[in-house]
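Down below is the structure, laid out as structure tokens.
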Amino acid sequence: MSPRAGSPRAEVADAARVLAGLGLVTAYGHVSSRMDDHIVITPAADLADVHEADLVKVPEDASVLPPGAPAESWLHLCLYRARPDVTAIARAQPPAAYAAAATTRELRPYHGQASWLGRTVPVYDDARPLRSAELAGAAARVLTDGEALLLRGNGAVTVGASPGLAVARMWLLSVACEVWLSTGQYAYSRRLTDTEIASWRAVQSELLPRLWRHLRRRAAVVPMEGL
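At the far end of the sequence shown sits residue 287, using our numbering, and the numbering has no gaps.
Here is the structure:
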């Protein structure tokens with residue numbers, strides 16, 4: 061069966077190329093999506109060159125990873141198992157995320173759109189590679205709610221209702237980390253209040269897809285058919 065532009069699998073590949081186009085990954089990073097009783101995930105490859113045919117299918121209840129599945133499939137599997145509300149995941153290494161995760165235990169929003177990452181963004185405080193079910197499970201348990209998790213020394217992970225929205229949140233997380241770091245030089249800074257955060261979260265279903273469309277154009281990624 062030939063790949064179809066706009067299919068769920070194609071959305072994963074498109075989102076992966078946008079993640080690369082935005083400079084949020086280098087040689088490492090993944091995008092995945094939950095589909096019935098399995099997930100599809102990008103391979104261990106440069107995301108700029110990933111297409112639908114390259115994606116790897118992994119059973120959600122897998123105890124052993126199938127051939128071709130990247131070791132970090134465990135993080136995706138553990139998050140899906142822990143969070144039934146999550147449909148898609150983006151895994152990346154924004155440079156600002158390294159600095160932020162090394163200097164705080166949680167990231168609270170300083171600007172409205174950062175509220176779409178959660179009321180706060182927790183930090184998983186273990187820098188070992190998440191290449192086993194045990195370590196990945198420990199990280200997944202930190203993200204009990206919200207849509208973003210900083211991994212000290214290891215980048216970040218964001219979730220969403222679609223691959224594109226997960227990638228949009230990764231871009232927002234990068235910006236939120238930069239803003240947080242820039243405010244650290246000042247003796248006085250104002251974080252958003254709980255009421256302000258709630259007001260922004262109330263409109264994310266309307267506004268976040270618009271950000272995804274903008275980022276897709278910005279990264280110059282066009283849906284690809286038959287690849």
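Think of the CB as a built atom: it goes at the ideal place given N, C-alpha and C, for glycine as much as any other residue.
Residue i (DSSP reduced to helix, strand or coil)
{"i": "Ala157", "result": "helix"}
{"i": "Ser259", "result": "helix"}
{"i": "Arg69", "result": "helix"}
{"i": "Leu167", "result": "strand"}
{"i": "Ser133", "result": "helix"}
{"i": "Val78", "result": "helix"}
{"i": "Arg217", "result": "Note that residue 217 is Val in the sequence shown here, rather than Arg. Strand, per DSSP."}
{"i": "Tyr184", "result": "strand"}
{"i": "Glu285", "result": "Because Glu285 carries a pLDDT of 45, less than 50, the predicted location of this residue cannot be relied on, and no value is offered for it."}
Whole-number beta carbon distance between residue j and residue i, since they are thought to touch under 8 Å
{"i": "Trp272", "j": "Gly224", "result": "4 Å"}
{"i": "Ala104", "j": "Pro130", "result": "4 Å"}
Whole-angstrom distance between residue j and residue i, CA atom to CA atom
{"i": "Val85", "j": "Ala157", "result": "12 Å"}
{"i": "Leu125", "j": "Ser133", "result": "8 Å"}
{"i": "Ala258", "j": "Asp114", "result": "39 Å"}
{"i": "Pro63", "j": "Arg69", "result": "Confidence in Pro63 is poor, its pLDDT being 42 and thus under 50, which makes the residue's placement unreliable; the coordinate value appears in the next sentence. Going by the C-alpha atoms only, they are around 8 Å apart."}
{"i": "Leu82", "j": "Pro119", "result": "30 Å"}
{"i": "Arg277", "j": "Trp231", "result": "14 Å"}
{"i": "Pro269", "j": "Ala221", "result": "10 Å"}
{"i": "Leu295", "j": "Val219", "result": "Since the displayed the chain opens at 61 and closes at 287, residue 295 lies outside it and no answer follows."}
{"i": "Glu238", "j": "Ser123", "result": "38 Å"}
{"i": "Ala193", "j": "Gln173", "result": "32 Å"}
Beta carbon of residue i nearer than 8 Å to that of residue j
{"i": "Thr102", "j": "Val146", "result": "no"}
{"i": "Val227", "j": "Val78", "result": "yes"}
{"i": "Ser92", "j": "Ala148", "result": "yes"}
{"i": "Gly128", "j": "Leu107", "result": "no"}
{"i": "Tyr184", "j": "Ala160", "result": "no"}
{"i": "Tyr170", "j": "Trp260", "result": "no"}
{"i": "Leu267", "j": "Ser175", "result": "no"}
{"i": "Leu190", "j": "Leu137", "result": "no"}
{"i": "Arg188", "j": "Leu195", "result": "yes"}
{"i": "Arg212", "j": "Ala162", "result": "yes"}
{"i": "Leu167", "j": "Ala236", "result": "yes"}
Is it a yes or a no for the region 198-207 touching the region 243-257, going by three-plus beta-carbon pairs under 8 Å? Taking 8 Å as the limit for Cβ pairs, the verdict is that the region 243-257 does not touch the region 198-207.
Take every Cβ of the region 174-184, pair it with every Cβ of the region 152-159, and state whether three or more of those distances are shorter than 8 Å. No: the two stretches stay apart, fewer than three of their Cβ pairs being nearer than 8 Å.
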